[in-house]
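So the sequence shown is numbered by full-length UniProt numbering: it starts at 1 and just counts up by one. Cβ coordinates follow ideal geometry from the N, Cα and C atoms, glycine included. A quick note: this is a predicted structure, and the numbers were derived from the prediction, not measured. Each remark here refers to the structure printed beneath this line.
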Amino acid sequence: MAEEVLAGGNTVGAARIGDVVHKQASPWTPTVHALLRHLEAAGFEGAPRALGFDDQGREMLTFLPGETAGGRYPWPEWAFTDGMLTQVGQWLRRVHDLTAGFVPPADERWFAGRTMEPGLIVGHQDAAPYNAAVVNGDRLTGFFDWDTAGPSTREFDLAFAALWWVPLCPPSVAEGLGFHDSTDRSRRLHLLLDSYGYEGDRHAFGGVIVRRARRQAQVMREMADAGDQAAIALRPVAGYIEQSASDVEAFPDSFWVR
1 MAEEVLAGGN
11 TVGAARIGDV
21 VHKQASPWTP
31 TVHALLRHLE
41 AAGFEGAPRA
51 LGFDDQGREM
61 LTFLPGETAG
71 GRYPWPEWAF
81 TDGMLTQVGQ
91 WLRRVHDLTA
101 GFVPPADERW
111 FAGRTMEPGL
121 IVGHQDAAPY
131 NAAVVNGDRL
141 TGFFDWDTAG
151 PSTREFDLAF
161 AALWWVPLCP
171 PSVAEGLGFH
181 DSTDRSRRLH
191 LLLDSYGYEG
201 DRHAFGGVIV
211 RRARRQAQVM
221 REMADAGDQA
231 AIALRPVAGY
241 IEQSASDVEA
251 FPDSFWVR
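What follows is the structure in structure tokens.
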């Protein structure tokens with residue numbers, strides 16, 4: 001059966017053979033597979049199933065059905081609907097609740113190098129529209145590309161999702177993505193948080209978004225400086241994320257009031 005190269009894949013890329021996705025494995029892949037099996041055992045359907053490795057050493061995952069944003073700009077209309085934003089918040093809450101009790105393997109290893117500790121969850125860490133699979137333009141199947149998943153606080157993972165789903169990137173960038181109403185961002189942020197069931201201080205959550213954005217940009221720049229080709233190509237995105245942090249930092253207090 002022929003391989004179909006899948007759209008997107010800024011890091012290692014992926015190919016589909018039938019209903020199985022084959023991707024280059026990384027040192028942390030076994031730990032991520034343990035996480036995916038944990039979610040599968042809990043009955044969670046919004047993530048791929050880990051199927052082991054093929055004869056080339058590539059990881060194998062079940063294919064999530066649905067439309068993807070891939071490398072298209074602007075993004076599909078579903079990326080900006082209230083219904084999708086609500087589903088994203090609910091999806092994140094379910095993942096965080098289920099992974100709060102995850103016990104990693106003895107040789108635990110994650111992309112960001114952190115280890116699981118009491119009080120942490122395992123976040124997807126890249127739950128943005130470009131990693132979503134959507135059926136019929138209105139139903140979120142789930143998120144693929146779990147390579148950068150890892151332990152964090154709930155807020156740290158939620159903050160990154162807010163950056164791209166609200167979205168909180170600079171208005172000029174958001175326009176290119178297909179979002180044209182920057183005055184609606186406060187309402188959309190609160191819709192995401194309400195859908196998640198977030199009970200924390202929302203003004204303080206703004207500070208988490210700023211820290212997450214700056215940390216993300218820093219990591220991307222460090223990887224690029226070290227010669228990582230994917231990170232080099234994403235240097236402009238690091239700049240957008242840094243600008244997002246500055247913009248969010250300047251939002252008035254009223255932005256954070258539901």
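When the Cα atoms are used, what is the spatial distance from residue i to residue j?
i, j, result
"Trp164", "Ala128", "6 Å"
"Gly13", "Glu59", "12 Å"
"Glu175", "Phe255", "20 Å"
"Leu140", "Gln87", "7 Å"
"Glu199", "Val32", "29 Å"
Is it the case that the Cβ atoms of residue i and residue j are separated by a distance below 8 Å?
i, j, result
"residue 267", "Thr62", "There is no way to answer for residue 267, as the model of the chain reaches only from 1 to 258."
"residue 266", "Trp78", "Absent from the model: residue 266. The displayed extent of the chain is 1 to 258, so no value can be given."
"Arg93", "His190", "no"
"Asn131", "Asp145", "yes"
"Leu120", "Thr153", "yes"
"Ala47", "Phe143", "yes"
"Ile17", "Glu40", "no"
"Ser244", "Pro170", "yes"
"Ala162", "Ile209", "yes"
"Pro167", "Pro105", "no"
Using a Cβ-Cβ distance under 8 Å, would residue i count as near chain D?
i, result
"Trp78", "Included in the structure is just one protein chain, with no chain D present."
For residue i, which of the options has the nearest alpha-carbon?
i, options, result
"Glu197", "Val173, Asp225, Gly101 and Leu158", "One detail in the question is off: residue 197 reads as Gly in this sequence, not Glu. Of Val173, Asp225, Gly101 and Leu158, the residue nearest in Cα terms is Leu158."
"Gly137", "Asp228, Glu67 and Trp28", "Glu67"
"Leu98", "Asp228, Gly113, Ala15 and Leu36", "Leu36"
"Val21", "Pro30, Asp54 and Glu45", "Asp54"
"Phe251", "Gln218, Asp225 and Phe205", "Phe205"
Between residue i and residue j, which are expected to be in contact by the criterion C-beta below 8 Å, what is the C-beta distance as a whole number of angstroms?
i, j, result
"Arg215", "Glu242", "In fact, because the Cβ distance is near 11 Å, the residues do not count as touching under 8 Å."
"Thr115", "Pro151", "7 Å"
"His180", "Asp253", "His180 to Asp253, Cβ: 25 Å. No contact."
"Leu192", "Gly89", "5 Å"
"Leu64", "Arg188", "The Cβ separation is near 25 Å, so there is no contact."
field: Complete runs of the beta strand (DSSP E) confined to the region 6-89 [at least 3 residues]
entry: Counting whole runs of 3 or more residues, the region 6-89 contains the beta strand (DSSP E) stretches 14-17, 20-23, 50-53 and 59-62.
- prompt: Which runs of the alpha helix (DSSP H) fall wholly inside the region 104-182 and span at least 4 residues, in chain order?
  reply: DSSP runs (the alpha helix (DSSP H)) wholly in the region 104-182: 154-165 and 171-177.
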